[in-house]
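One structure is given here, and the rest of the page talks about it.
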Amino acid sequence: MTIQRMHSSTARCWRLAALLATLGTTSASAVDERPIAEPRLPRLTCYSGYLKLEAPHGLEGVRAAIRQATAQKDQAALLFLEQRLTEVIGEDAQAALQVIEWAHTAQEPEMSLYLRSVRETEAVRSPAVVDRLTTLAESHQDPGHQTSALIALETQHRFEPAMLERLTTLAKKDTLVTGVAMHTVRTIGRVMDNDFQRTGRFDPYMGKLLEVALDSTEPDVRGLAIEMGTYPNARIDGQSLQHLAKLQLEDPDPSVREMAALVMSSGRDTQAVLDAFRKSFPQEKNECVRWAIVRYAVRAAGARALPLLKDFAQQDARFRRDHTEFKALYDAGLVDFDRVFPGKANHHRCEDPEE
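In terms of the numbering used here, the sequence shown opens at residue 2 and continues consecutively.
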């Protein structure tokens, strides 16, 4: 370890200890105006003994220090050592693989600490490390290990097609614990957002997320797979829009149909979105999903949706006021849905998700 890195780690450790000490002090009140005593460092700080233990021995030294801190339940030290382990791994893929192997057999809190550390390294994007983390998520018997491995994958810049296929297959497994399936979906969505922000690439991920939404037997998994499409600031079109229309029309769960309506409102082909809503509204029996169709039609097309809202109001009298009020807002000159919707009363006993 270089002197510069040693000083950086030491300074970070002392700052952490000082912060923890400060949080434990009380300020002077109006009654007691005695000077506040200087914050006192905890008797056992993460500097005390841990750096000396790990510095000469690299990766194994950090592991020994983590075990010592775990045994002593020293949370300040564990926080510092998590950051220190990330620093020691750096770009070294072999070091990252070694830490993943430790995580494979470790229990909490060591297991998740190891994988959180790997998550923040440059080495995590090595193909061998990506493969090992995915294998851990696919094959470990403990859902906690699977989840932590998936979280460690979330900092990828992109997924290659073969890796995206593996994660899609994992998310659709009927035998998978629901929470693990949802984390798999979230990982795909987070990396989709990373890739979109860097390159504008969106479709490969959205296609796989909607494949999960169409095939999964778990409504929470289907709903989250659709919801991840709201994370990138992207316009949806083509087959993805067709799949969303199918889900919005046919999914057995009302919350999934409602989420599909929300994501459809970002469709590039506004007329196709309105046509899909026109088709689904008469078949929809749930008032809250109908209300979602109404407001997301407005979100998709603005004032152009008003004739469709008039048609909806003729089919269902509960939406007459909605048509009247949306029309008044647009007649007043408002254009942006983010300004229109807050001025609109909700006449339905439905919780509106955040727009």
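C-beta atoms are modelled at their ideal positions from N, C-alpha and C, and glycine is treated no differently.
(request) Tell me, please, whether the segment 91 to 104 touches the segment 122 to 135 by the rule of three or more beta-carbon pairs shorter than 8 angstroms. (result) yes
(message) Let me make sure I understand the geometry here. Which of Thr176, Ile227, Ala138, Leu171 has the alpha-carbon closest to that of Gln249?
(response) Ile227
(request) Would you mind listing the beta strand (DSSP E) stretches within the segment 248 to 276 that are 3+ residues and don't spill past its ends, in chain order? (result) none
(message) Does the segment 250 to 263 come into contact with the segment 234 to 242, if we say contact requires no fewer than three beta-carbon pairs (one atom in each stretch) closer than 8 angstroms?
(response) no
(request) Use the C-beta contact count for Ser267: other C-beta atoms within 10 angstroms, 16 or more gives buried, fewer gives exposed. (result) buried
(message) With the cut-off set at 8 angstroms, would you say Arg269 and Leu309 are in Cβ contact?
(response) No, they are not a contact pair.
(request) Just the C-alpha distance for Gln284 and Thr200, rounded to the nearest angstrom, thanks. (result) 39 angstroms
(message) Out of Gln73, Tyr206, Arg117, Gly59, which one is the CA nearest neighbour of Ala150?
(response) Arg117
(message) What does the alpha-carbon distance come out to for the pair Leu307 and Val299?
(response) 7 angstroms
(request) Could you give the DSSP three-state label for Asp339: helix, strand or coil? (result) helix
(message) For Asp360, tell me which candidate among Ser140, His158, Ala318 has the shortest Cα-Cα distance.
(response) Outside the shown range of the chain (2 to 356) lies residue 360, about which nothing can therefore be said.
(message) Just to confirm the assignment, what range does the alpha helix (DSSP H) spanning Pro110 have?
(response) Membership of Pro110 in any alpha helix (DSSP H) is not indicated, and neither H nor E is assigned to it by DSSP.
(request) Check each candidate in Glu139, Thr135, Glu102, Ala273 and name the one with the smallest Cα separation from Leu177. (result) Glu139
(message) Tell me the rounded alpha-carbon separation between Met265 and Ala246.
(response) 7 angstroms
(request) Could you check how far apart the C-beta atoms of Ala293 and Leu275 are, in whole angstroms? I think they sit under 8 angstroms. (result) Not really, about 14 angstroms apart at Cβ, beyond 8 angstroms.
(message) Going by the DSSP bridge assignment, what does Ile237 pair with across the sheet?
(response) Gly268
(request) Write down the C-beta distance between Leu154 and Thr106 rounded to the nearest angstrom, noting that I regard them as a contact closer than 8 angstroms. (result) About 20 angstroms; that fails the 8 angstroms criterion.
(request) Put His141 into one of helix, strand or coil per three-state DSSP. (result) In the structure shown, His141 falls within a coil segment according to DSSP collapsed to helix, strand and coil.
(message) Tell me whether Ala235, by its Cβ, gets closer than 7 angstroms to a heavy atom of the ligand COA.
(response) The ligand COA is not part of the structure shown, which contains no ligands of any sort.
(message) Do Lys345 and Glu326 have their beta-carbon atoms positioned less than 8 angstroms apart in this structure?
(response) Glu326 is a Cβ neighbour of Lys345, given a cutoff of 8 angstroms.
(message) Assuming contact is defined by CB atoms lying nearer than 8 angstroms, are Val341 and Phe313 in contact in what I supplied?
(response) no
(request) Select from Leu60, Val192, Asp221 the residue whose C-alpha is nearest the C-alpha of Met207. (result) With distances taken between Cα atoms, Met207 lies closest to Val192.
(message) For Pro43 and Leu114, I'd like the C-alpha separation in whole angstroms.
(response) Low confidence applies to Pro43: its pLDDT is 41, below 50, so where it sits in the model is not reliable enough to give any reading.
(request) Report the three-state DSSP secondary structure of Ser127 (helix, strand or coil). (result) coil
(message) Could you compute how far the alpha carbon of Asp339 sits from the alpha carbon of Leu82?
(response) 44 angstroms
(request) With Arg223 as the anchor, note down where its alpha helix (DSSP H) starts and where it stops. (result) 220 to 228
(message) Using the three-state DSSP reduction, which class does Ala346 fall into: helix, strand or coil?
(response) Residue state, collapsed to three classes: coil.
(message) Going by DSSP in three states, Thr122 sits in which element: helix, strand or coil?
(response) In the structure shown, the three-state DSSP call for Thr122 is coil.
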